[in-house]
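From first to last, the protein sequence lines are chains A, B, C and D.
FYI, in the numbering used here the residues of the first sequence are 9 to 344.
FYI, in the numbering used here the residues of the second sequence are 9 to 344.
FYI, in the numbering used here the residues of the third sequence are 9 to 344.
FYI, in the numbering used here the residues of the fourth sequence are 9 to 344.
Just so it is clear, CB atoms sit at the ideal spot from N, CA and C, and this is done for glycine as well.
This structure is a prediction, so every number in the text was calculated from the model and none was measured.
Report on the following structure.
There are 4 protein chains.
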Amino acid sequence: MGAGFPIAQLAHAELLSAKPEETVRFFTDLLGMQVTERRGGSTYLRAYQDPYHHSLVVTESDDAGLGHAAYRVSSPADLEQLAAAIEATGLGRGWSDSEVGQGRTYHYETPDGHRQELVWELPRYQATSDETSALSCAIQKRPLQGVPVRRIDHLNMLAADLPATKEFFVDTLGFKCRERIEMPDGQELGTWLSVSPFPHEVALLADATGHRGRLHHVAFWYGCDTHLNDIAETLRDYDIEIEAGPSKHGITQSPFLYCIEPGGNRIELFGAYGYTIHEPDFETRTWTAENLAVGGSMYGLELPAKYFAYGTPNVEITADAMTDVFEHRPAAVPVP
Amino acid sequence: MGAGFPIAQLAHAELLSAKPEETVRFFTDLLGMQVTERRGGSTYLRAYQDPYHHSLVVTESDDAGLGHAAYRVSSPADLEQLAAAIEATGLGRGWSDSEVGQGRTYHYETPDGHRQELVWELPRYQATSDETSALSCAIQKRPLQGVPVRRIDHLNMLAADLPATKEFFVDTLGFKCRERIEMPDGQELGTWLSVSPFPHEVALLADATGHRGRLHHVAFWYGCDTHLNDIAETLRDYDIEIEAGPSKHGITQSPFLYCIEPGGNRIELFGAYGYTIHEPDFETRTWTAENLAVGGSMYGLELPAKYFAYGTPNVEITADAMTDVFEHRPAAVPVP
Amino acid sequence: MGAGFPIAQLAHAELLSAKPEETVRFFTDLLGMQVTERRGGSTYLRAYQDPYHHSLVVTESDDAGLGHAAYRVSSPADLEQLAAAIEATGLGRGWSDSEVGQGRTYHYETPDGHRQELVWELPRYQATSDETSALSCAIQKRPLQGVPVRRIDHLNMLAADLPATKEFFVDTLGFKCRERIEMPDGQELGTWLSVSPFPHEVALLADATGHRGRLHHVAFWYGCDTHLNDIAETLRDYDIEIEAGPSKHGITQSPFLYCIEPGGNRIELFGAYGYTIHEPDFETRTWTAENLAVGGSMYGLELPAKYFAYGTPNVEITADAMTDVFEHRPAAVPVP
Amino acid sequence: MGAGFPIAQLAHAELLSAKPEETVRFFTDLLGMQVTERRGGSTYLRAYQDPYHHSLVVTESDDAGLGHAAYRVSSPADLEQLAAAIEATGLGRGWSDSEVGQGRTYHYETPDGHRQELVWELPRYQATSDETSALSCAIQKRPLQGVPVRRIDHLNMLAADLPATKEFFVDTLGFKCRERIEMPDGQELGTWLSVSPFPHEVALLADATGHRGRLHHVAFWYGCDTHLNDIAETLRDYDIEIEAGPSKHGITQSPFLYCIEPGGNRIELFGAYGYTIHEPDFETRTWTAENLAVGGSMYGLELPAKYFAYGTPNVEITADAMTDVFEHRPAAVPVP
């Protein structure tokens, strides 16, 4: 059956933070997420429409970055088959049975070195009686704290070797490429990959610094564009840096707001999807230098330079790397 | 792979109308749809994010109702396998090669008598140069007419024999049941079926009149809740009956507006989805008499009685049928 | 100068409640209001864009209802002149200097017996350093609790003697009548009065029960229609009765949600104004039986019967009174 | 009475355009405005909630710019008194009786040379029977063309001599200053003036080029923030330059979109007001260099350099002038 994907969804992401308590408070106080467990140096959180024990882990670390990301597979058989396929690539890092809030887990790395996990067994979150909604189809009540996000949406990783990393997601893991940016010299600057009608659960951006395994951002979903205004006002009032937005990307037609959480990781808040893909033979859309400005912003305006250079862990960006970055950006974006 | 569906999407619906020109003007002038072809007594239309030649056919007829609905399969092989499976049930009505704007087509009926089609080959709509958007991922520009809907969303059919019809959609066609209403006597009053993370592409409501093969509504998608206010104001100003909304159902958590197009068919306008299903083992949610009011409206308010009794073709509703209808509705809804 | 009004604004309303702590929690936990003082049996609250010490007082009482409403005058001279004019009508109740959070106050009653106050001196709320926003034009930060309302908007009173009460507001207090409902027999069923470009700071509805001095509702402003969906979901989840909405009235073109706070008083939550009045010679708009359904709801749908009969203090409604109420309502509204 | 203003409202603006037909089509096809008259080289237009014959005049001219702006006074007596007061300043340009769609008119200039008019008699627009809405309080139906704006909102003029121009608006015309930007050297960079609870009907920005009488922008009101997204998508699709937004200013807390109409004039599209002023003794809010970035954008992001330098008629900007402009802007805004 053409539309089947061995990976079903992005289940959670782990963020590293040198200020873990501030990072956690950002997610709880401002984004309305809930702490479900604290263990070792890690805090486990979820949004009110996330079905599982957690969709986010915040772990104390010397530097910011992506600890790991975990995907739920579509069936137990898919777990075995994907693990075998990854094992064959040499990127496998073995099985474990001791992860908090999840069952037997297969560990691996992307070709760029991002740590990843596959899992089938994920215990569902059980709402307390106080939390139970009258809606049969709601996991729990809407929280009263902050501007509550509903669920994790997608992950965007910087990749020094984008072609190899993309190939791994598509050929080994079964993602489909929905949209991509191709420069005149044929280089792919970014790629948007999905296992659903939404244009991306995973995106990859070329990392001009040459560093491997960095995080661009983790995104949480509101499903309502005006909540981006609410959270923007909130972020400003509570001294969180807003990097860009609220606005809409042309690429994926998605409403966005980017901010930097206190630990330094870029977080995207996400509105309602602008289009969805129901065609089984949807053809990848390609953006070029000619229309990249409108790809970055549906309205043809500029994303800030930081958007194209900053990731976590943060690295010093050499003049050469910046040249490389900005040679590939639309001319309209000023060098900072 | 667990998440594969042999049917990929609802491709189009055919509405019968005794006032076809008024019906077409409703869809073009108010909803911003585009006529792509007129042939015989039929007019073919599409919304600006619909990928194919048409998502709607309006056909002259003595009475309102559903002419047929067509689904696109996920692959050519799925077409053959589904046709064979339907053939085995005795509901097949054979192949044709002469449908407007589509390739080889398999015809069949639901157990309740709704005419349906399966098709793989659907030529994509080619935007004219005037229509071409700067967005690589947009099929065409946003229209300047009316409050333009973006694409067809779902189909809701009344079924005298709901259990058999549901079984056919689930067991033969591979839909998953996402939500359902179960009365204290065990009767299923409605069921929401999908082949995607959205809670329904097809819904079925029990038809208490005992008539077979009727239409409850066809829905078009805005993806933005405030557009429901815009279209509501427009419908009122241009003398289209609004039946209910704008509001939100608890069932599927979906923002809705119901109106009656000039030919008499109920049309739903649809906002942004309130939740999406990414779990491969999502368990069907069941609504009962206890929380059905909040299922009808997230805010616990009443849907009008007409909503539960009216369909096309319209039929006289006997007192017995009405009793049967209203015995199964929440007590709060007054008998008209 | 034509546009001057001696009354500048509705400053606050006092609600009586037999469950004052539950009433206060409704306003703080769900609507994000802030307690600024507790004194005697009264709790003083404000929303984050309310400029003064309080916009709401909740006072313990055996029954629900309006304690009083207070208006700020446009100048000290207006206070003296209005007090003198009211004194001449016999409705004056004298001056006081001891009100919490306000200066010298003139007390009076409407012809229907609602207790009212006029005041010039109202100390401004001083944000703490933690609350101070980076916006020079913001009184304080957006709260993180609930779905925070921004300010008090208007007051709607039931009046057994609507004509006399309206005349008092227009002729003595200087309000302008923006919209009104006139029945075929000439009776005025409701009237909307303002001292600004908004269509109402005060509305009056005829009280068919014959009881004097009752409250229909107090309204708080969001200024954003989608916040009505947020608060509706919140009210449902936290077991507050939603009476009607979110929807839009035709009268005043205003987005509304009505709920009943735990003490029994009806509260309106209000979105963004649909039109504003800048013409100095704006002519009063009159609604009649013919278009009253669309006046109640812009979309022509029914307001619930309770809306037309319930007020606080609640009274038993005799069959005769109900007949009188419903004779004057659009036929479409069913007798409960 | 403290709140009275001799000027009631901005009634219309005249835009000069070297491409008048393209300019008119921008307003009709994209913004849904209606042509009410063509006379000489001028076209008269209005939005569907504008009460009078026109709120906009487009007049053929060699260059872009503001032809004139007209204000309606609050009463006939205010017309005489204001005319006398202006006459005393030497800025009067006399009376006329022959303006299209308006009565006896007093002409004058601002100290910076912008041509202005005062008028009392403005015939109201009479909806045709096809246009008449069921809403008693609606002037006409919502148009089906484009993303229809509702009414003219405000006028922003560049002023080489801002202090004198502001003084004229405040002292002679009776506007109140609601917000202002003051630089460390005491220079006022911008000022927002109103005759209503909204923070501005007129704004003035310092013109660093030293040219007199230029236009910054004319604004039209949606009253709904999400319509800014609709019109932004439309403007991009139909090749209209978007200069900034959709976003929100901190100053006036107003949602904005700036675009350049085909004739070269900057047009603002305006969402729902973020706050309103009901206090009769509201104190002017002052923005300084410290928080000006958040004044420009509530979210602390940069307005493009063009916003601070471009006006109509367009003039060459010398390096000195630019230095002067950018010395006074927040450091974060890059010199173009």
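A135 of chain B has a beta carbon lying at 8 Å or more from every beta carbon in chain D. As computed with DSSP, K27 of chain A is found in no beta bridge at all. For the C-beta of R150 of chain A, the chain C residues within less than 7 Å are, from N- to C-terminus, E241, T242, D245. When C-beta distances to chain D are compared with 8 Å, the residues of the stretch 19-37 of chain B below that value are D37, in chain order.
For F13 of chain C, the secondary structure class from DSSP, reduced to helix, strand or coil, is coil.
DSSP places E190 of chain D in the strand class (E or B) of the three-state scheme. Look at Y246 of chain B here: in three-state DSSP terms it is coil, with no helix or strand label. Here Q148 of chain A has Y56, A135, E139, T140, S141 as same chain residues with Cβ atoms under 7 Å from its own Cβ, once five neighbours each way along the sequence are excluded. Taking 8 Å as the upper bound for CB-CB distance, I160 of chain A and L53 of chain A are not in contact here, some 10 Å apart. Close partners of V302 of chain D in chain A (Cβ separation under 9 Å): R244. Taking CB atoms only, A252 of chain D has no neighbour in chain C less than 8 Å away. The closest CA to that of R112 of chain C, considering only C:V81, C:V43, C:N164, is found on C:V81. Residue ranges of uninterrupted beta strand (DSSP E) with 3 or more members, entirely inside the stretch 199-266 of chain A and ordered along the chain, are 210-214, 223-229, 249-256. With 16 or more other CB atoms across the displayed protein chains lying within 10 angstroms of its CB, E269 of chain B is buried. For N322 of chain A, the nearest beta carbon of chain B is not closer than 8 Å to its own beta carbon. Proximity of T234 of chain B to chain C, defined by a Cβ-Cβ separation below 8 Å, is satisfied. Residues of the stretch 155-188 of chain A whose Cβ lies closer than 8 Å to any Cβ of chain D: none. Under the three-state reduction of DSSP, L87 of chain A is assigned to helix. Looking at the DSSP output, C185 of chain D shares a beta bridge with D:L201. Contact check between the stretch 70-78 of chain C and the stretch 114-124 of chain C: three or more CB pairs, one atom from each, fall below 8 Å, which counts as touching. None of the residues of the stretch 257-279 of chain B has a beta carbon lying less than 7 Å from any beta carbon of chain C.
Among the residues of chain C, those whose CB is under 9 Å from the CB of L309 of chain B are I250, E251, A252, G253, P312, following chain order. Taking a Cβ-Cβ cut-off of 7 Å, Q110 of chain B has no neighbours in chain A, whose nearest Cβ is about 14 Å from it. For Q57 of chain A, the closest Cβ of chain C is not nearer than 8 Å. With a cut-off of 8 Å on Cβ pairs, the stretch 151-160 of chain B is in contact with the stretch 36-44 of chain B, counting three or more such pairs. T320 of chain A counts as buried, since no fewer than 16 other beta carbons sit within 10 angstroms of its beta carbon. Spatial neighbours of R186 of chain A in its own chain (CB-CB distance under 6 Å, excluding positions within 5 residues in sequence) are listed in chain order as W200, S202, P207. Between D179 of chain A and Q89 of chain A, the alpha-carbon positions lie close to 13 Å from each other. The stretch 159-177 of chain C and the stretch 221-235 of chain C touch, with three or more beta-carbon pairs separated by less than 8 Å. Straight across, the Cα-Cα distance linking R47 of chain D with I94 of chain D is about 29 Å.
Contact check for R220 of chain B against A252 of chain B fails: the beta carbons are separated by 8 Å or more.
Put simply, of D:P119, D:S104, D:T118 the residue whose alpha carbon is nearest the alpha carbon of W128 of chain D is D:S104.
At a cut-off of 8 Å between C-beta atoms, N237 of chain A counts as an interface residue with respect to chain D. Considering only D:A91, D:M191, D:Y281, the residue with the shortest C-alpha distance to I15 of chain D is D:A91. Taking C-beta separations shorter than 7 Å and ignoring five residues to either side along the sequence, the partners of E249 of chain C in its chain run C267, I268, following chain order.
For F290 of chain B and A85 of chain B, the gap between their C-alpha atoms comes out near 27 Å.
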